[in-house]
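Written out below as structure tokens is the structure these notes cover.
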Amino acid sequence: MKRATKISAVAAGLAVLAVTGTAVADSRRSDNDWPYAAHHSEAQTYTLAAVGDIACEPDDDENASTPAALKCGSATLGGMSAEFATAGQATSMHPDAVALLGDEQYQVGKLTDFEQSFEQAWGGLKMLERPAPGNHEYYPYAKKGDNEAGQNGVGYFGYFNGHNQVGAPATQGQAGDDTADRQGWYSYDLGNWHIISLNAECGSDAFNHDCSTTDGGLLAQETTWLSNDLAANSRPCTIAYWHQPTFSATTASTATVPASAVGAGGAEGAAADAWWKLLYQNHATLILNGHEHAYARLRPMNPAGESDPKHGIPEFIIGSGGEALDSLAGTPGNYDNPNVVTAQAGAFGVMKFTLKAHGYSWDYAPALAGPGFDSSALQYRDTGSGSCK
């Protein structure tokens, strides 16, 4: 089994071990100020902030050909105000780690875009951020009058793992390995919690457009890695996160299956279905996703999307990081997906998970109303608790 220490960090003495995905804190720290106070005993409580779909494309010379409606400053996007609001909310949680659920930077995640947008708001939390990539970090974008080439993770790894003078990413870092046979999947531990970050962007050049989980290709290798990682884990609580959700809460405009359908659609569906089966077999506690620009909590489900209160895994969709908002499928009490317990698509916000020795609590509250919504959107709140299996 992999050995990993707690991911708390202090400004002095921080080291990031990219291979195992672990940040090591200076255990000599005895005070409780933040950033970043160290934990000193087992069975501590940890705070995990989680969100995806964050930063607008900067309106700079390099993006001159991008339509204004798709860039920071557009009236239909959250813009810089939203990403600063969510970054401030995450910072106020004093997190031990920040799970980023993909699409950190729009529209194609160029390194310069990360530096000019995401970094401006979220850069202060960078050493705590444990990202997963999204489609906007890998795929081309050719919608709404735009035509940008896919980056295949180059900007994403260049930002999170560091890069040389010409922008070539380091092959190891906090976003995991960036090599021909490993594209940024990794795991780390927080006390009794084992946490797994996965890359679902199998329709990209980096994956040879191969979304099979069984043919020996890159995605199949990732799925085998996940199986082995779960088998080696002895901690009682497990979280897995990746970008595209298996079970939907919004309209079909986000290129997932309709919320009334069962199972994941799109190129990434096979991966999500296979991973759900493995996580269910290994009694995982939570699954987190982004991609749909909304917040939604789904009741515990089995891999077929059927309600399973005893053995099922709750899915949280937290794609409310600041870039834009989608429309929910259905209305409260009558959602198209009957497993949606509660949802909101009127504001931007970050989830706070409190991870305990054998259980957890969640607290989601919006930080900024979305375009076209008034302050009443800020009255939404979803809190609760659960136990590890």
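Numbers given in our numbering equal positions in the sequence shown, counted from 1, plus 87. For each residue, glycine too, the CB sits at the ideal point set by N, CA and C.
Contact annotation, D183 with Y228: C-beta distance approximately 34 Å; criterion of less than 8 Å not satisfied. Taking every protein chain shown into account, the CB of E393 has fewer than 16 other CB atoms within 10 angstroms, so this residue is exposed. Classified as exposed, P345 has fewer than 16 neighbouring CB atoms from the shown chains inside 10 Å of its CB.
In the DSSP assignment, A456 forms a beta bridge with A434. Using a Cβ-Cβ distance cut-off of 8 Å, the stretch 311 to 321 and the stretch 242 to 256 are not in contact, since fewer than three pairs of beta carbons, one from each stretch, lie closer than that value.
H370 and T153 have their C-alpha atoms roughly 45 Å apart. In terms of Cβ geometry, H330 and G377 form a close pair [threshold 8 Å]. For the 8 Å CB-CB criterion, T372 and T325 form a contact.
Beta-bridge pairing by DSSP links K158 to E144.
Only residues of its own chain outside the window of five on either side were considered, and among them C143, E144, P145, D146, G166, M167 and S204 have a CB closer than 7 Å to the CB of C159, listed in chain order. For G242, the uninterrupted alpha helix (DSSP H) segment begins and ends at V241 to N248.
Between Y422 and A336, the CB-CB gap stays under 8 Å.
When C-alpha distances from L187 are compared across W209, L412 and A169, the shortest belongs to W209. Nearest to A381 by C-alpha distance, out of L135, Q131 and D140, is D140. Following the DSSP letters along the chain, one finds L375 inside the beta strand (DSSP E) bounded by residues L373 to N376. Taking 8 Å as the cut-off, the beta carbon of Y225 is found closer than this to the beta carbon of Q238.
For Y243, the closest of D200, D233, A383 and Q431 by C-alpha to C-alpha distance is D200. Here M388 carries a strand assignment [DSSP, helix/strand/coil]. For N421, the secondary structure class from DSSP, reduced to helix, strand or coil, is strand. Residue range L305 to A319 is occupied by the alpha helix (DSSP H) that includes D316. Inter-residue distance for L306 and D297 is about 7 Å (C-alpha atoms, whole angstroms). C289 has its alpha-carbon roughly 26 Å from the corresponding atom of A136. In the DSSP annotation of this structure, the continuous segment of the beta strand (DSSP E) that includes E216 starts and ends at E216 to A219.
For H281, the uninterrupted beta strand (DSSP E) segment begins and ends at W280 to S284.
Around K231, the same chain offers P154, A156 and L157 as residues with beta carbons nearer than 8 Å, after the five sequence neighbours per side are excluded. In the DSSP assignment, L187 falls within the beta strand (DSSP E) that extends over A184 to L188. Closest by C-alpha distance to P453, out of L164, S161, T173 and D148, is T173.
DSSP, reduced to helix, strand and coil, places E170 within a helical segment of the structure shown. Here A151 is exposed, its C-beta having fewer than 16 other C-beta atoms within 10 Å.
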